[in-house]
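Below: the structure, in structure tokens.
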């Protein structure tokens with residue numbers, strides 16, 4: 053009887069675990085396994101990457117399918133309208149003429165790169181963008197060059213215009229009022245489509261002068277240059293106005309020269325010496341002033 057009682061007292065490991073899991077009130081508590089935080093973070097990152105990759109691939113596939121469907125439809129759709137947006141004054145009829153599109157053509161047959169190249173052949177157009185607008189339209193955006201100075205034209209046109217990058221163009225559509233108020237460039241000759249290498253330097257100098265004193269700049273009706281065959285050796289220019297018939301400035305240090313000119317003009321007004329025949333500020337540290345009427 054004693055042996056049987058000893059054997060009955062021996063419990064299996066499972067029963068021992070169950071016995072340990074019992075609380076003081078007799079209820080059984082389930083044991084929980086500890087989760088490794090690093091493994092949890094790794095699994096979460098992998099799931100996020102998989103979801104992101106699936107979404108990206110899905111979007112690319114949808115875009116490709118959409119483009120294929122649109123291209124198939126565009127081959128059959130006839131071009132019905134051309135939407136033209138321009139930043140300048142060139143008439144839309146002229147832009148449409150530059151595109152050289154046939155009267156009857158489908159949207160899929162239009163070569164947008166060739167259309168853009170045709171537009172850029174005009175020196176008045178600095179940049180152009182051509183795109184298909186489904187289902188039956190073509191969208192054209194044109195960035196025109198802004199005229200800075202005007203110069204004498206040929207027998208066919210009265211004026212040519214120079215942009216900030218030195219490109220000469222016809223200036224189609226410019227209003228006469230803007231042409232009359234624009235300063236004139238003298239001392240150089242050129243034709244449409246040509247480029248003046250020195251002009252970017254001159255444009256920067258004129259922009260600084262206009263910003264420093266807009267009132268003085270607004271009186272300049274002519275800008276003359278000499279020995280300006282290239283931009284490397286170009287270092288001075290002449291500005292003509294009603295108050296100063298001949299004003300010589302150097303390209304460098306424009307703000308200080310404008311301040312000196314303002315002082316000279318104030319003094320000449322006070323002494324009633326206007327207009328001045330010549331003011332030379334091109335030599336650093338010197339200012340030559342000659343009133344009108346003096347030998």
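Residue numbers (this note's numbering): 53 to 347. The beta-carbon is built from N, C-alpha and C at its ideal position, and this holds for glycine as well.
According to DSSP, simplified to helix, strand and coil, what is residue i?
i, result
"residue 226", "coil"
"residue 59", "Confidence in residue 59 is poor, its pLDDT being 45 and thus under 50, which makes the residue's placement too unreliable to answer from."
"residue 285", "coil"
"residue 249", "coil"
"residue 262", "helix"
"residue 301", "strand"
"residue 136", "strand"
"residue 75", "Because residue 75 sits at a pLDDT of 49, beneath the cut-off of 50, its placement in the model cannot be relied upon, and the following sentence gives the value as read from the coordinates. Three-state DSSP puts residue 75 in coil, outside helix and strand."
"residue 81", "Here the model assigns residue 81 a pLDDT of 49, short of 50, so the residue's position is not dependable, and the following value carries that caveat. Correct three-state label for residue 81: coil."
"residue 99", "helix"
"residue 277", "coil"
"residue 342", "strand"
"residue 70", "For residue 70, the pLDDT reaches just 47, beneath the cut-off of 50, and the residue's location in the model is therefore unreliable, leaving the point undetermined."
"residue 39", "Absent from the structure is residue 39, since the part of the chain shown begins at 53 and ends at 347."
"residue 319", "helix"
"residue 330", "strand"
"residue 109", "helix"
"residue 93", "helix"
"residue 114", "helix"
"residue 324", "coil"
Taking residue i and residue j to be in contact with their CB atoms under 8 Å, please state how far apart those CB atoms are, rounded to whole angstroms.
i, j, result
"residue 231", "residue 190", "32 Å between Cβ atoms; not a contact."
"residue 144", "residue 136", "5 Å"
"residue 129", "residue 159", "5 Å"
"residue 215", "residue 197", "4 Å"
"residue 299", "residue 312", "Not quite, the Cβ-Cβ distance comes to about 11 Å (not below 8 Å), so this is no contact."
"residue 209", "residue 142", "Not really, about 15 Å apart at Cβ, beyond 8 Å."
"residue 244", "residue 220", "6 Å"
"residue 334", "residue 284", "Actually they do not touch by this definition, with Cβ atoms about 18 Å apart."
"residue 248", "residue 205", "Not really, about 15 Å apart at Cβ, beyond 8 Å."
"residue 303", "residue 342", "Going by Cβ atoms, the distance from residue 303 to residue 342 rounds to 23 Å, so no, they are not a contact pair."
Out of the options, which one is the CA nearest neighbour of residue i?
i, options, result
"residue 301", "295, 261, 267", "261"
"residue 233", "219, 272, 174", "272"
"residue 297", "318, 328, 317", "328"
"residue 270", "200, 242, 205", "200"
"residue 211", "217, 241, 184, 196", "241"
"residue 175", "90, 246, 103, 94", "246"
"residue 222", "146, 286, 295", "146"
"residue 138", "177, 97, 116", "177"
"residue 203", "237, 314, 224, 220", "237"
"residue 344", "335, 336, 324", "324"
"residue 164", "149, 172, 184", "184"
"residue 331", "322, 317, 321", "317"
"residue 326", "314, 248, 335", "314"
"residue 251", "264, 229, 116, 286", "286"
"residue 186", "229, 235, 148, 133", "133"
"residue 179", "167, 194, 166, 98", "194"
"residue 227", "98, 171, 140, 114", "140"
Against chain C, does residue i count as a neighbour if the rule is that its beta carbon must be under 9 Å from one of theirs?
i, result
"residue 313", "Within the model displayed, chain C is absent; a lone protein chain is all it includes."
Under 8 Å from any heavy atom of the ligand SAH, does the C-beta of residue i make it?
i, result
"residue 136", "As far as ligands go, the structure on display features none, and thus does not contain the ligand SAH."
Query raised in the report: Should the stretch 306-324 be regarded as contacting the stretch 273-282, the criterion being three or more beta carbon pairs within less than 8 Å?
Result: no
Query raised in the report: Which runs of the alpha helix (DSSP H) spanning at least 4 residues fall entirely within the stretch 176-234, listed in chain order?
Result: Runs of the alpha helix (DSSP H) inside the stretch 176-234: 228-233.
Requested in this report: Specify whether the stretch 252-268 and the stretch 180-190 touch according to this definition: at least 3 beta carbon pairs, one from each stretch, less than 8 Å apart.
Outcome: They do not touch, by the three-pair rule.
Query raised in the report: Can you list the alpha helix (DSSP H) stretches of 4 or more residues lying completely in the stretch 136-164, in chain order?
Result: 144-151
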